[in-house]
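Presented below is the structure to which this report refers.
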Amino acid sequence: MAMQLQRPILIGGLGLTASLWLLDGLGASLTGAGDSLVWAIALGSGIWWLRHRRSPSSSPPVPATDRASIETAVQSTHRLLDQLAQDGEADGAVAERVEQLRSRLAQFTTDLDRDTLQIAIVGEAGVGKTAIADHLTQAWLPQVSWPQGISGVTWSEQSYSDLVDDAQAINAADGVLWVIAGDLTASNADALAACLTAGQRVILVLNKQDQYRDDEQALLLHHVRQRVAEHLPGDAVVAIAAAPAPRKHRKHGADGSTDETWQSSKPDLSALTLALTALVAEGSSLVSATVARQVQQTRGEILAELNQYRRQQALPLIEQAQWIAAAAAFANPVPSLDLLATAAINTQLVVDLGKVYHQSVSLDQAKAVAGTLATLMVQMGVVELSTQAIAPLLKSHALTFAAGGALQGISAAYLTRLAGLSLVDYFQAQSLTETGDRPPFSLQPDALKQRLTRVFQQMSPVGQVRALVEQSLQRFAPTA
Ligand SMILES: Nc1nc2c(ncn2[C@@H]2O[C@H](COP(=O)(O)OP(=O)(O)O)[C@@H](O)[C@H]2O)c(=O)[nH]1
Ligand SMILES: [Mg+2]
6 MAMQLQRPIL IGGLGLTASL WLLDGLGASL TGAGDSLVWA IALGSGIWWL
56 RHRRSPSSSP PVPATDRASI ETAVQSTHRL LDQLAQDGEA DGAVAERVEQ
106 LRSRLAQFTT DLDRDTLQIA IVGEAGVGKT AIADHLTQAW LPQVSWPQGI
156 SGVTWSEQSY SDLVDDAQAI NAADGVLWVI AGDLTASNAD ALAACLTAGQ
206 RVILVLNKQD QYRDDEQALL LHHVRQRVAE HLPGDAVVAI AAAPAPRKHR
256 KHGADGSTDE TWQSSKPDLS ALTLALTALV AEGSSLVSAT VARQVQQTRG
306 EILAELNQYR RQQALPLIEQ AQWIAAAAAF ANPVPSLDLL ATAAINTQLV
356 VDLGKVYHQS VSLDQAKAVA GTLATLMVQM GVVELSTQAI APLLKSHALT
406 FAAGGALQGI SAAYLTRLAG LSLVDYFQAQ SLTETGDRPP FSLQPDALKQ
456 RLTRVFQQMS PVGQVRALVE QSLQRFAPTA
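Residue numbering for the sequence shown follows this note's numbering, starting at 6 and increasing by one per position.
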């Protein structure tokens, strides 16, 4: 199979065909200097895609924390919730969830007047969380002078895995004591960074310092401070010993005998209490920052649920259109593959998907969207690339029916699905703005191209293409 590089090549697309060749052992047919360059690019783009896909999505900015901003955010989150309630009207589970989220939102407003600070003590098992809480309760709490509006502190001990399982619990804390007993592990560092970028106030506590020699202690503290310097000032990283182990003392007698005794060592939490006192002095502003974060997090949850719910409504529409396009191309193979792009994108699908996202798209607008999608697909070389991906999978299928029709039918299904999922992405971004308002539909070719590129990358892995081929063959292969 010779590769034709006539059209601008989409990054990731070559990765797709290359990985399919690899899988089906067709790479052997590639020879010559030109081809090895293609291979290098193909593999490179595939790797680029993998990396790109793994990079975390940019985190939202830390929200404003004054009362007025928080109340505005709560209002707009209620409006977003209205949309979820409206869409899921007929769905009991959605209605129940909406009520749950409503009462959570109402609670946030009351929470603004909370006068007890909540401090989470987070860390792996055995790092000394309980020892720290006990010591602070006994030795520090009684002598704190509380700022205005605050009258106490409650501790909550959180295991490290709570962070992953229950972000809400950690998010509810006004301050976090993040406890480690050695160097910061990679997974610990990731979770800590997530906590900090969410705007959480953290004191990083290096406990069990009695287990190190003085010079090691200094080195470790310096090292950890450097690692988190981007997020945390030096005085928010403290070294302590909450419950130091007893030390062995040897006394040498005049007669040459030795006498060993165990002496208890005093806990040293002075660096921690200093940092904690400074944190607590910030008073009620810590509480409002927490509420602002919680509102933002809830908003994100609602948005995700709304999008998921709408996607559930959209997918059957796409599948229906996909099989209609496939059946038509099976029965009547079009001569040029480029035409597939035009044939595959159904204007009715554009209108119907618009409805799911509360966007009223006129038939003329739908035609324009379909036309733009088709042009983009041809320009991006998606049509050839997908056909090149599908063809070898068909060959390996020892099926006797006409390969031409099958190839075009499956390509039509693939392209319709690609177009449909890109539209879902596009409508999703268009229909939800920060204020919760619904802007009228407008066609933005650049944004559409971005979505198309992304969805094409997502649909490229060989497993995905293979699944579609299997599904198509099951539907359309003549049964013996
Ligand atoms: N050597 C030493 N041991 C400590 C220190 N802090 C706590 N420990 C011990 O570590 C063990 C676990 O402590 P604990 O507070 O229960 O940890 P948690 O699981 O994080 O709550 C206990 O045996 C503590 O006595 C410390 O500073 N130095
Ligand atoms: Mg404990």
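Quick reminder that beta carbons are idealized off the backbone N, C-alpha and C, glycines included.
Cβ neighbours of residue i in the same chain (closer than 7 angstroms, five flanking residues each side left out)
{"i": "Q123", "result": "T159, S161, A177, A178, D179"}
{"i": "V99", "result": "L89, G93, Y314"}
{"i": "Q153", "result": "G288"}
{"i": "V474", "result": "I395, L398, L399, I415"}
{"i": "S316", "result": "Note that residue 316 is Arg in the sequence shown, not Ser. Taken in chain order, the residues that qualify are V429."}
{"i": "K134", "result": "I126, G128, E162, V184"}
{"i": "S477", "result": "A331, G414, I415, A418"}
With 16 other Cβ atoms within 10 Å as the buried cut-off, status of residue i
{"i": "A73", "result": "exposed"}
{"i": "P68", "result": "buried"}
{"i": "L224", "result": "exposed"}
{"i": "N337", "result": "exposed"}
{"i": "F113", "result": "buried"}
{"i": "Q435", "result": "buried"}
{"i": "Q479", "result": "exposed"}
{"i": "E389", "result": "buried"}
{"i": "A95", "result": "exposed"}
{"i": "A241", "result": "buried"}
{"i": "L237", "result": "buried"}
{"i": "G359", "result": "buried"}
{"i": "A283", "result": "exposed"}
Contact belief for residue i with residue j at Cβ below 8 angstroms, rounded distance in angstroms
{"i": "V79", "j": "A90", "result": "Their Cβ separation, rounded to whole angstroms, is 16 angstroms, which puts V79 and A90 out of contact at 8 angstroms."}
{"i": "A330", "j": "A348", "result": "7 angstroms"}
{"i": "I75", "j": "V127", "result": "Not confirmed; about 25 angstroms, so no contact."}
{"i": "V132", "j": "V184", "result": "5 angstroms"}
{"i": "A247", "j": "H140", "result": "5 angstroms"}
{"i": "S427", "j": "V460", "result": "5 angstroms"}
{"i": "I155", "j": "L182", "result": "Between L182 and I155 the Cβ distance is about 17 angstroms, and since that is not below 8 angstroms, they are no contact."}
{"i": "R206", "j": "L291", "result": "7 angstroms"}
Residue i to residue j span [Cα, whole Å]
{"i": "R252", "j": "Q148", "result": "30 angstroms"}
{"i": "L412", "j": "F481", "result": "11 angstroms"}
{"i": "G93", "j": "I307", "result": "12 angstroms"}
{"i": "Q163", "j": "V210", "result": "14 angstroms"}
{"i": "G468", "j": "A375", "result": "27 angstroms"}
{"i": "Q268", "j": "A276", "result": "23 angstroms"}
{"i": "L281", "j": "S367", "result": "60 angstroms"}
{"i": "V296", "j": "M382", "result": "46 angstroms"}
{"i": "R471", "j": "L398", "result": "7 angstroms"}
{"i": "D188", "j": "T142", "result": "27 angstroms"}
{"i": "R298", "j": "S150", "result": "27 angstroms"}
{"i": "L311", "j": "V285", "result": "38 angstroms"}
{"i": "V243", "j": "A138", "result": "15 angstroms"}
{"i": "F446", "j": "S365", "result": "7 angstroms"}
{"i": "S391", "j": "G425", "result": "15 angstroms"}
{"i": "T70", "j": "R119", "result": "15 angstroms"}
{"i": "G204", "j": "L197", "result": "11 angstroms"}
{"i": "R101", "j": "Q370", "result": "Looking at the sequence provided, one finds Glu at residue 101 rather than Arg. If you take the alpha carbons of E101 and Q370, they lie about 37 angstroms apart."}
{"i": "A5", "j": "Q173", "result": "The shown model of the chain, from 6 to 485, leaves out residue 5, and the question about it has no answer."}
{"i": "M464", "j": "T458", "result": "10 angstroms"}
{"i": "W328", "j": "A309", "result": "28 angstroms"}
{"i": "S166", "j": "A194", "result": "13 angstroms"}
{"i": "K372", "j": "G410", "result": "26 angstroms"}
Beta-carbon contacts of residue i that lie in its chain and below 8 angstroms, excluding the five residues immediately before and after
{"i": "T377", "result": "L448, P450, L453"}
{"i": "L86", "result": "V103, L106, R107, L110, I307"}
{"i": "T82", "result": "L110, V300, T303, R304, I307, G441"}
{"i": "K271", "result": "P249"}
{"i": "H228", "result": "D188"}
{"i": "L420", "result": "A330, L345, A346, A349, I350, M382, V387, V388, S391"}
{"i": "G354", "result": "Checking the sequence shown, residue 354 turns out to be Leu, not Gly. Excluding sequence neighbours, L354 sits near L322, I323, A326, T421, A424, G425, L428."}
Beta-carbon contacts of residue i that lie in its chain and below 6 angstroms, excluding the five residues immediately before and after
{"i": "T121", "result": "G157, T159"}
{"i": "G239", "result": "R230"}
{"i": "A417", "result": "A330, A331, A334, L345, A349"}
{"i": "H257", "result": "T263"}
{"i": "A191", "result": "none"}
{"i": "A136", "result": "A247, A248"}
{"i": "D357", "result": "L322"}
{"i": "D433", "result": "Here residue 433 turns out to be Gln, not Asp, going by the sequence shown. Excluding sequence neighbours, Q433 sits near N312."}
{"i": "T266", "result": "H254"}
- Query: Near ligand 2, which residues have their beta-carbon less than 6 angstroms from any of its heavy atoms, given in chain order?
  - Reply: K134, T135, E162
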